[in-house]
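In our numbering, the protein residues as written are 1102 to 1442. Ideal placement from N, C-alpha and C gives every residue a C-beta, glycine not left out.
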Ligand code: BMA
């Protein structure tokens, strides 16, 4: 009998899973033993796939993948899988159109998220809009992908949509940033009545004195609705003499007022330590973009980009991760306020 509940999400009995191995000393998260699940050069003209988002779809799985082309420019590719481990990808990048059905491709697109809200699937990514910004599209059939308005002016990255309206409006986490390797950054939340006009911006949480998240933080997977609040896996970044290091962190946001952080784990949940996380195009990166979770068992699979080169999967359970976040929670005044000044 589980202690906590996943709310509003379906059972996914065929989600990937491995039982917890012996000997875990830190957070209760364990990597899939066959990681990385996507190797280099997965598609003609694509050198690496990483930082990608997947979800259950029609009894199988679908995903939007950051494909770094062989000219170095990232775009989004559609992938399908029977087991959420072995993926096949479309040869061509997703052909976005505008609201009139005309081709409307971004100049580049990276770090996609994929979130269903009320039967519509939204893709959210980082792109150029006269500076680094957020792009969005919607689909109902994974055949036609219609771009909708960009939610923000530059500079902003790491946008993550909530899987339902909260208090009657769509909610979007994002991180104001610059176009480069931004040396600062907090998570904010904005709301919209229609996915066009975004406002009522509130601060959710900031970079913290804990060293692993002292430079910047950014949204990761779409928040999971639970009986304790919104469970958020995010990334936290530290600076070293050898560059930035990206780890995965965890927090629980208030269910009705998600700008308020109820619990925030002072320890990282996952930090680069396997070869595919420490070695690659950009070493030392674990960058979460999605979860697959099963409401019946509370099993959670976290999908994360590894070293800007691969996709990895790590497992946990709702009860274990919520207890770990609560037991190791440190929330500061900035986190617990409504976030309006
Ligand atoms: C960030 C983003 C991510 C990337 C990370 C590490 O700024 O560009 O896509 O994984 O840097 O290189």
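If I measure Cβ to Cβ from residue 1130 and keep anything under 6 Å in the same chain, skipping five residues before and after, which residues do I get? 1370, 1371, 1415, 1417
Mind the definition here: the region 1199 to 1206 touches the region 1215 to 1227 only if three or more C-beta pairs lie below 8 Å; say whether that holds. no
For residue 1405, the three-state DSSP class (helix, strand or coil): Here residue 1405 sits in strand by DSSP.
CB contact flag (residue 1501, residue 1276, <9 Å): The structure shown does not extend to residue 1501, since the chain is modelled only from 1102 to 1442, so the question has no answer here.
Is residue 1385 closer than 9 Å to residue 1345 when the C-beta atoms are compared? yes
Measuring alpha carbon to alpha carbon, tell me which of 1263, 1195, 1254 ends up nearest residue 1246. 1195
Under 8 Å: does the beta carbon of residue 1158 sit that close to some heavy atom of the ligand BMA? no
Could you tell me which residues DSSP puts in a beta bridge with residue 1239? 1223, 1247
Are the region 1390 to 1399 and the region 1302 to 1317 touching, with three or more C-beta to C-beta distances below 8 Å? no
Please classify residue 1160: is it buried, with 16 or more other beta-carbons within 10 angstroms of its beta-carbon, or exposed? exposed
Could you tell me which residues DSSP puts in a beta bridge with residue 1192? Beta-bridge pairing links residue 1192 to no other residue.
Cα-Cα, which of 1326, 1313, 1115, 1107 is closest to residue 1348? 1313
Skipping 5 residues on each side, what residues in its chain have a beta carbon closer than 8 Å to that of residue 1200? 1247, 1248, 1249
Less than 9 Å between the C-beta atoms of residue 1155 and residue 1393, yes or no? yes
Whose C-beta lies closer than 8 Å to the C-beta of residue 1135 among residues of the same chain, with five residues either side of it excluded? 1186
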